[in-house]
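Visitor:
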Amino acid sequence: MNLRFRLLMTSLFSLSASFCVTSFLASTAQAQPVQGVYVGGAGGVSFNQDQVVRLNKFMPGGRDKYSPGATAVTSLGYGLGNGFRVEIEGNYRNNQLKQQNLGSYKAHGEGRQQTYGFMANALFDMDVGSPYIFPYFGAGIGYGWSSMNGVKLRTSDNRLTEHLGGTFGNFSYQAIGGLSFPTPWVVGLSFTTEYRFWTMLGPQSHTADVWGTQGGYNTTHAYSQARGNRDTTTYFNHSILLGLRYEFNPAPPPTAPIQEAPIVPQSTKARTYLVFFAWDSYALDSRATSIVKEAAQAYNSVRSTRIEADGYTDSSAAPNEQGKRYNVALSLKRARSIKAELIKNGVPASSIDIHGYGSEHPLVPTGPNVREPQNRRVEIILH
1 MNLRFRLLMT
11 SLFSLSASFC
21 VTSFLASTAQ
31 AQPVQGVYVG
41 GAGGVSFNQD
51 QVVRLNKFMP
61 GGRDKYSPGA
71 TAVTSLGYGL
81 GNGFRVEIEG
91 NYRNNQLKQQ
101 NLGSYKAHGE
111 GRQQTYGFMA
121 NALFDMDVGS
131 PYIFPYFGAG
141 IGYGWSSMNG
151 VKLRTSDNRL
161 TEHLGGTFGN
171 FSYQAIGGLS
181 FPTPWVVGLS
191 FTTEYRFWTM
201 LGPQSHTADV
211 WGTQGGYNTT
221 HAYSQARGNR
231 DTTTYFNHSI
241 LLGLRYEFNP
251 APPPTAPIQE
261 APIVPQSTKA
271 RTYLVFFAWD
281 SYALDSRATS
291 IVKEAAQAYN
301 SVRSTRIEAD
311 GYTDSSAAPN
321 EQGKRYNVAL
331 SLKRARSIKA
341 ELIKNGVPAS
351 SIDIHGYGSE
361 HPLVPTGPNV
371 REPQNRRVEI
381 ILH
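FYI, the numbering for the sequence shown is 1 to 383, going by the UniProt record's numbering.
Written as structure tokens, this is what we have:
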């Protein structure tokens, strides 16, 4: 009774600690929300720790040793959308009994211990800043059964033979830690890899028929057969699993917040007008004079402090120093013709700056000797 009480207290303490750690990390980490119903399944390797067998009137005490076996888990759950999820689980484990260490000698095992159970789990998924990997952890409580049907133990000298049988059930609990890897080609599907520690409260009692000269309490008298209960006081299992999880209603990817563009006061924004020229000319046509008049009206209406006229040419002049000087002179003539027209429309001459840049800064990039109409221009800039 004391052993059961200690194991029960241990399980309650472990679950409480898991819940506290989960709550703490939930408050400090951003959750990757699993939203709505999901299903999962996994399979892997099961490792039983040595199990302590209690000495009694008929059965010798010792430790059972097991070989690695197989395990499978299936689950149905619901994600709350904030990182937490809850699920119900069915599990199965199968490990071959390798031997029982009886102290002074060993009995070799035949057959398998099979355990299965149902659990209720609470888990938390964490967002670590990567869309490709999400750690999770949790704990669960439930009920499990241990079956020893068809299991045999026999010493090498045949002094002792045990035939075990029966199924025993009791409360169980577990701890879970794993990683999920969302698949980009199927929304809602994730690969999972995880570790589980699972245990069932004891002692677990299975029936046993014993033949031999070695009974409980070191008795040495011979008997043909004895029947009683064989009590296993500990059961601790470790499992490594690989699996899949599918969410039926995955959360949509987060959208970036929309940032409004800052409002720039009209009075501080430069305004540009373009006036185009015929080839090798600085004369203004009717369209050009109309644009200059519009620029002058804008200057007076927005109270600009300065107006700039920058002249340009195309690249049709000779590609040498003489051609460069010619282009600069032509672009300056174009800027002067614009300045004269601005003055006619009421812009003070002292407010106008002119420049001639030749074929530099083309609107349309070209090679040499190209007559590009959009590069033969003056840019009127209001500041």
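Think of the CB as a built atom: it goes at the ideal place given N, C-alpha and C, for glycine as much as any other residue.
Nearest-angstrom Cα distance between G77 and R93?
Guide: 21 Å
Visitor: Do A122 and V86 have their beta-carbon atoms positioned less than 7 Å apart in this structure?
Guide: yes
Visitor: Could you have a look at V378 and say whether DSSP puts it in helix, strand or coil?
Guide: strand
Visitor: Reducing DSSP to helix, strand and coil, say where T74 ends up.
Guide: strand
Visitor: So for A278, helix, strand or coil by DSSP?
Guide: coil
Visitor: Here's the rule I'm using: 16 or more other beta-carbon atoms within 10 Å means buried, otherwise exposed. How should G346 be labelled?
Guide: Counting the other Cβ atoms within 10 Å of the Cβ of G346 gives fewer than 16, which makes it exposed.
Visitor: State the Cα-Cα distance for the pair E110 and L189, rounded to the nearest angstrom.
Guide: 41 Å
Visitor: Quick check on DSSP: helix, strand or coil for A318?
Guide: coil
Visitor: So who's on the other strand from M358, going by DSSP bridges?
Guide: With the sequence shown as reference, residue 358 is identified as Gly, and Met is not the correct amino acid for it. G358 is not bridged to any residue.
Visitor: What number of angstroms, rounded off, separates the C-alpha of V364 from the C-alpha of Y312?
Guide: 12 Å
Visitor: Under the assumption that L97 contacts D125 (Cβ atoms under 8 Å), give the Cβ distance between them as a whole number of angstroms.
Guide: Rounded to the nearest angstrom, the Cβ distance from L97 to D125 is 38 Å, too far for a contact under 8 Å.
Visitor: Residues in the same chain with beta-carbon distance under 6 Å from G81, minus the five sequence neighbours each way, listed in chain order, please.
Guide: P33, Q35
Visitor: Suppose contacts are defined by Cβ-Cβ distances below 7 Å. Is N149 in contact with G165 by that definition?
Guide: yes
Visitor: Does the Cβ-Cβ distance between T192 and G243 come in under 7 Å?
Guide: yes
Visitor: Among the candidates N320, S337, Q322, S239, whose CA atom is the shortest distance from the CA of A42?
Guide: S239
Visitor: In terms of residue numbering, what span does the alpha helix (DSSP H) encompassing Q35 cover?
Guide: No alpha helix (DSSP H) holds Q35; the beta strand (DSSP E) holding it covers 35-48.
Visitor: Between I343, L342, D314, which lies nearest to A329 when the distance is taken from Cα to Cα?
Guide: D314
Visitor: For A270, collect the residues of the same chain with a Cβ closer than 7 Å to its Cβ; drop the 5 residues on either side in sequence, then sort them by chain order.
Guide: I381, L382, H383
Visitor: For H163, count neighbouring Cβ atoms within 10 angstroms of its own Cβ and tell me buried if that reaches 16, exposed if not.
Guide: buried
Visitor: By alpha-carbon positions, which one of T207, E321, G138, K344 ends up nearest to E294?
Guide: K344
Visitor: Could you give the distance in angstroms between the alpha-carbon of Q374 and the alpha-carbon of F181?
Guide: 56 Å
Visitor: Just to confirm the assignment, what range does the beta strand (DSSP E) spanning N121 have?
Guide: 112-125
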